[in-house]
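Note sheet for the following structure.
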Amino acid sequence: MPLYWRVCLINGLVFVAGTVALALAPVTVSATVLVSELVVLTFGLIGIVVLNSILLRTSLAPLDRLIRLMDTVDLQRPGQRLTVAGSSAVGQLLRGFNAMLERLETERSTSNAKALAAQEAERQRIARELHDEIGQGLTAVLLGLKQLSARVPAEAQADLRDVQDTARATLDEVRGVARRLRPGVLEDLGLHSALAALATEFSAHGLRVRRVTSPGLPDLGSERDLVIYRVAQEALTNVARHSDARTVRLALNRQGPVVLLTVDDDGRGLRGAAESTGIRGMRERALLIGAELTVGASELGGTAVRLEVPCEAAR
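Quick note: the sequence shown, position 176, residue 176 per the UniProt record's numbering, numbers continuous.
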């Protein structure tokens, strides 16, 4: 039955019930309303209003649940659905909303997978160009400066060394950017070695990184390894930029049915700040492999990032 006719029927039944009660009850109303008659009429009116509100509340409660879910739904936290019972118009509306959420989550997951794949491909292309073009060009510049040093007057040697140092530092920076864009150690040596190299890189920038890994982890596959590496990289970058932390713990171990990556620090914590673009990007990556990402308070006093990758999904 359409919702409009259901509301009309409920109100009609309430009015009919009130009319029948007045017709059958031994109650009369004088020309001048007595106090006893006023009390009876008041309680009768209250009863009709209460009965009508209960019936309407029962019929419209699913719409309230729908409105609350519409206000809070987040496609980065999939699986939020409404319980549907019956085949009424409201039930059809709830089923349609659930189906819409299913389509949106599927389309979002597909588009995110394509976007992240394109992003990784572009990173690899830029890394190759940095290594092959700019890196080789700077190497040639350094060789030319070395050959030139034999013919430069003594008073210009100091300036030449400064230019060589600048070119050498630029070459190192270009190589570092290329490594961050395309983690070759992940492809060549695996996830454990890539995380170790990542910890070493951030330790060189002033952070004290404690790495904890457990042996015997299952083979997660290249796609999941890349997601774990990127999440760890983004989490460590956030620590270095925003947390004012001195120590950070990077842990990868197995806990029952999941492989758990944890990055927690002793910094100043989130302090109620909204999720940044980096955190939402980590959530997008986690969704691609069926993992769950949580960001909260750390035992060390700062922020903890936890990525749970199901072992079943890995196999």
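Note that beta-carbon positions come from the ideal geometry of N, C-alpha and C, so glycine has one too. Since the structure is predicted, the reported quantities are computational estimates derived from the model, not experimental observations.
{"Check": "Going by DSSP in three states, Ala113 sits in which element: helix, strand or coil?", "Outcome": "helix"}
{"Check": "So, is Glu284 buried or exposed, given that buried needs 16 or more other C-beta atoms within 10 angstroms?", "Outcome": "buried"}
{"Check": "Between which residues of its own chain and Ile134 is the CB-CB distance below 7 angstroms, once the five residues before and five after are set aside?", "Outcome": "Val174"}
{"Check": "At the level of alpha carbons, what is the spacing between Ala251 and Val84?", "Outcome": "42 angstroms"}
{"Check": "If I follow the unbroken beta strand (DSSP E) through Gln255, where does it start and stop?", "Outcome": "Thr247 to Gln255"}
{"Check": "Going by DSSP, name the residue or residues bridged to Glu292.", "Outcome": "Glu308"}
{"Check": "Any idea which residues DSSP pairs Leu261 with across the strands?", "Outcome": "Leu252 and Leu307"}
{"Check": "Using three-state DSSP, classify Thr213 as helix, strand or coil.", "Outcome": "strand"}
{"Check": "Measuring only the C-alpha atoms, how far is Tyr229 from Glu105?", "Outcome": "24 angstroms"}
{"Check": "Alpha helix (DSSP H) containing Ala158: first to last residue?", "Outcome": "Gln157 to Leu181"}
{"Check": "According to DSSP, is Arg241 part of a helix, a strand, or is it coil?", "Outcome": "helix"}
{"Check": "Mark Ser298 as exposed unless 16 or more other C-beta atoms lie within 10 angstroms of its C-beta, in which case mark it buried.", "Outcome": "buried"}
{"Check": "Please report the straight-line C-alpha distance between Gly281 and Arg57, rounded to a whole angstrom.", "Outcome": "41 angstroms"}
{"Check": "Beta carbon of Gly269, beta carbon of Thr303: below 9 angstroms?", "Outcome": "yes"}
{"Check": "Buried or exposed for Arg182, please, with buried defined as at least 16 other CB atoms from any protein chain shown within 10 angstroms of its CB.", "Outcome": "buried"}
{"Check": "Assign Ala297 to one of three DSSP states: helix, strand, or coil.", "Outcome": "strand"}
{"Check": "Just to confirm the assignment, what range does the alpha helix (DSSP H) spanning Glu201 have?", "Outcome": "Leu191 to Ser203"}
{"Check": "So is Val248 buried or exposed if we call it buried at 16+ other beta carbons inside 10 Å?", "Outcome": "buried"}
{"Check": "For Leu307 versus Ala273, is the C-beta spacing smaller than 9 angstroms?", "Outcome": "no"}
{"Check": "Which one of Leu51, Thr213 and Val39 has the shortest CA to CA distance from Phe15?", "Outcome": "Leu51"}
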